[in-house]
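Below is one structure, written out as structure tokens; the observations come after it.
In our numbering, the protein residues as written are 2 to 754.
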């Protein structure tokens, strides 16, 4: 465990520049606004080890699929997010010496991300020959004008005389670290010194994927008044220099406003005009005024989503860090976007959409954001249904196979064991529809667009299963379950279970669907009978002696031993062991059987859950960021409060404490909802089974109390768990619910203990 930042309820701050773990600091101090984001790189540049990263939502590139042995069904291309042209740069020199914290002398370093408002600040005192200058930086990406970024730098001379040069730049000469190419992804189109803008386009690709055109524009201001420096351009770059002479005690504050527009929203020919209009809007108000409007938007969000923990400051910081990073990544404004595992914080995982969104983000967003935010996530999948049909056809199968990795609905991941065997992601897409419908009570989606998704997935399952004449049961062979430390297994219990659940749910919803959709889908009676036969005769691996559901047919033949037997210096095993050794081992990357018990919670007895938890959790290495939260929820339900608390800490502070030794590549955005799930579904025992909201609250031993709010069917509820439990209805119609199985009726203003 590695802790680079101080523990504070609302700040992620440090007084130490860690040059060894600079990339880790960059990841943790990333900021975004749902439209764009950037790592915590330094405005003035940094010549030491660093991952320079600026990312734009929905802007990506096609990389040729490269495999040693081509297999029929491989996608033509591998999609990846690309490092976007940078608007951050403000190079600084003092008396002719470049300020570079990798090589310059300095003192009093401070770096802080304010979680309440997504504001990144930094300061240090530069120590030159006979001169000391304090530099103070502030940065935020606007939540009110999505295309706008604001950067401020203030120089104050503490000793001596300083000739300070600021070099504000726009830079399109950027590369990706994970690129298979030597050339750059961006082709310069135009540099306009007068307009202080550059325009670039992604290079051509042979796959019919649209090219993206991006225009960046900057304006410098001092005391909120526009200033112009000396502007110079080169291919794909613009530099604007401002020089000032400062005596001891004098200060100078320079603000850089940047506008970023892309061809996703604005045609290339209109980008310059649009950017000029946006810049006029930006410069009409001060930095402080824009920050106030930005903060007001954050206030609105925190008012419905904040979680308060008393007695454990590290736990408090962890949950707020995760909520802030999630909201900086996605808040539903653009239905064309989804939530990538790294968000805007790094290149790993290609910046694409995985099944994480439906399985882990949806249940949290249902409760802490307006319903239309989650509805946008569902609509995203319906809009990409044609791609899911394409993916299934590529495998010679009927129906819809949602991609493991995608930007546009077409599968763009090239690892066979993941892309073509980890088909359980189809079930997560369907389960998100169920969760939205069950939680909100809104059936409009599932009756129409959602039904089209459900039937497409059902038809895939029907074609993917096979009937075993020997056992007279249906089976699913050649899959990878959620535990990616097993590939190409037969009858993964979770996959078989969720396939049957999806068929059952689809049959149920077909009977209630909109007539025009049901007619268009034309599900025949013969099809329904076949679906029912699969439901009635699916094979599930079990072991009567152990009383467990077996992860896959041959799992119990492994050398079963707990993860505690792995030497500490060999953890995580994915960074120390060969893939062959991992696949043969009994160790589980993340919840697999337990994922099914979590999803279909009300279908299993407490004894069944306990036997399976006690068997599988000791085998689990939790080397997926998605793992700790599911285990925490189940542990809390089973009364294993110490284990639940331990796993909460792991999911809440996964990145802050770098549990898996990989946060330097970027944050684990899609697992960040796990900390909320561990508190609300775990410790508070929140369920909405059988059309009723229920709580079964518990208090971790080292916590004095915790509080949270949630939206539920047009209501706002506040839950306070301490030595007593209080659930209050803050807004909305009266509610009948249950606490520890006892019925409770709430009116606005009521608090039930």
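Think of the CB as a built atom: it goes at the ideal place given N, C-alpha and C, for glycine as much as any other residue. None of the values given here were measured: they were computed from a predicted structure.
Opening and closing residue of the alpha helix (DSSP H) in which residue i lies
i           : result
residue 536 : 526–538
residue 676 : 674–678
residue 407 : No alpha helix (DSSP H) contains residue 407, which DSSP labels as neither H nor E.
residue 599 : 594–600
residue 614 : 607–617
residue 292 : 288–306
residue 23  : 23–29
residue 1   : Nothing in the structure corresponds to residue 1, since the chain is present only between 2 and 754.
DSSP three-state assignment for residue i, whether helix, strand or coil
i           : result
residue 435 : helix
residue 710 : strand
residue 567 : coil
residue 196 : coil
residue 256 : strand
residue 518 : helix
residue 16  : coil
residue 386 : helix
residue 280 : helix
residue 738 : strand
residue 556 : helix
residue 377 : helix
residue 101 : coil
residue 56  : strand
residue 425 : coil
residue 582 : helix
residue 687 : coil
residue 51  : coil
residue 244 : strand
residue 71  : coil
residue 728 : strand
residue 693 : coil
residue 322 : helix
Start-to-end residues for the beta strand (DSSP E) that takes in residue i
i           : result
residue 159 : 149–160
residue 745 : 743–747
residue 95  : 91–95
residue 110 : 106–115
residue 218 : 214–223
residue 77  : Segment: none, residue 77 is in no beta strand (DSSP E) and carries neither H nor E.
residue 120 : 120–129
residue 636 : It is not in any beta strand (DSSP E) - residue 636 instead sits in the alpha helix (DSSP H) that spans 628–638.
residue 140 : 132–142
residue 172 : 163–172
residue 721 : 716–722
Residue i classed as buried or exposed, judged by whether at least 16 other C-beta atoms fall within 10 angstroms
i           : result
residue 34  : buried
residue 276 : buried
residue 570 : exposed
residue 735 : exposed
residue 533 : exposed
residue 356 : buried
residue 582 : exposed
residue 701 : buried
residue 758 : Since the displayed the chain opens at 2 and closes at 754, residue 758 lies outside it and no answer follows.
residue 470 : exposed
residue 541 : exposed
residue 143 : buried
residue 347 : buried
residue 45  : buried
residue 223 : exposed
residue 671 : buried
Residue nearest to residue i in terms of C-alpha spacing, selected from the options
i           : options               : result
residue 606 : 355, 708, 576 and 550 : 550
residue 743 : 749, 734 and 726      : 726
residue 345 : 679, 669 and 682      : 669
residue 1   : 404, 706, 631 and 697 : With the chain running from 2 to 754 in the structure shown, residue 1 is simply not present.
residue 110 : 136, 714, 142 and 57  : 136
residue 536 : 476, 398 and 391      : 476
residue 327 : 673, 685 and 704      : 673
residue 441 : 84, 171, 693 and 175  : 693
residue 366 : 252, 323 and 393      : 323
residue 204 : 622, 60, 162 and 439  : 60
Near the ligand NAD: residue i beta-carbon under 7 Å from a heavy atom
i           : result
residue 389 : No copy of the ligand NAD appears in this structure; indeed no ligand is present at all.
Cβ of residue i within 8 Å of any chain B Cβ
i           : result
residue 527 : Included in the structure is just one protein chain, with no chain B present.
Could you tell me which whole beta strand (DSSP E) segments of length 3 or greater appear in the segment 439–516?
467–469 and 474–476
Which whole runs of the beta strand (DSSP E) in the segment 326–363 are 3 residues long or more, in chain order?
none
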